Amino acid sequence: SSTDYVGLFGYIGSGSIIKDLGLEGGSVTGGSYVGGLVGNQGFGTITNCYATGPVSGNQYVGGLMGYQFSGTITNCYASGRVSGSSYVGGLVGHHGFGTITNCYASGSVSGSSYVGGLVGHQYSGTITNCYANGSVSGTNYVGGLVGHHYGGTITNCYYDSQTTGQS
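So the number in this note's numbering is just where the residue sits in the sequence shown, counting from 1, plus 312.
Here you go:
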């Protein structure tokens, strides 16, 4: 439970392509950089993928991916329960410079700080045509879609305020 870079793929880098892959059930537990599919995405492309099991860790925890430095995530979803301390998201815990397009998260998300229904913390990058509808709970920087939006662009996205519990 203290191991970092945990997921079906612990780390993916430049030139990596993951497509048409689904993980059903099971559970993923780790320390930091923990995701149902990928712990840390340095670069690369993830397309038409999903994860349905619960994911838990300390920081940088996401239903699909724990930490996205760069790269693309397209047509993906996560539906399992996600829990951690900080930088916790239903789809991605921390979103850096990459793109997230046509994705959603529907599992419950809980943590202490930087907790979001889709993304826990957005540093930069672009999020387009995405949504979240699972319950979201935390203490600091908590949001139905994104827990903390530091920078970047969010376009044509939404969250359900009733199901997330966030106004």
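For glycine and all other residues, C-beta sits at the position ideal for the given N, C-alpha and C.
All figures in this text were calculated on a predicted structure; none of them were measured in a lab.
Query raised in the report: Helix, strand or coil: how does DSSP classify Gln474 here?
Result: helix
Requested in this report: Taking 9 angstroms as the cut-off, decide whether the C-beta atoms of His407 and Val373 are in contact.
Outcome: No, the Cβ-Cβ distance between His407 and Val373 is not below 9 angstroms.
Requested in this report: From the DSSP output, read off the bridge partner residues of Leu335.
Outcome: Ala363
Query - Beta-carbon spacing of Ser420, Ser449 below 9 angstroms - result: yes
Query raised in the report: When the distance is taken between beta carbons, is Gly369 closer than 9 angstroms to Gly342?
Result: yes
**Report entry** Per-residue DSSP class, three states only, for Thr467
**Finding:** strand
Query - Residue closest to Ser398, alpha-carbon to alpha-carbon, out of Leu335, Gly383, Gly428 and Thr364 - result: Gly428
Query raised in the report: Which ranges does the alpha helix (DSSP H) cover as unbroken runs of at least 4 residues, wholly within the segment 355 to 414, from first to last along the chain?
Result: none
Report task. Would you give the residue range spanned by the beta strand (DSSP E) that Ser274 belongs to? Result -> Since the first residue shown for the chain is 313 and the last is 479, residue 274 is missing from the structure and cannot be characterised.
**Report entry** Three-state class that DSSP yields for Asn352 in the structure shown
**Finding:** strand
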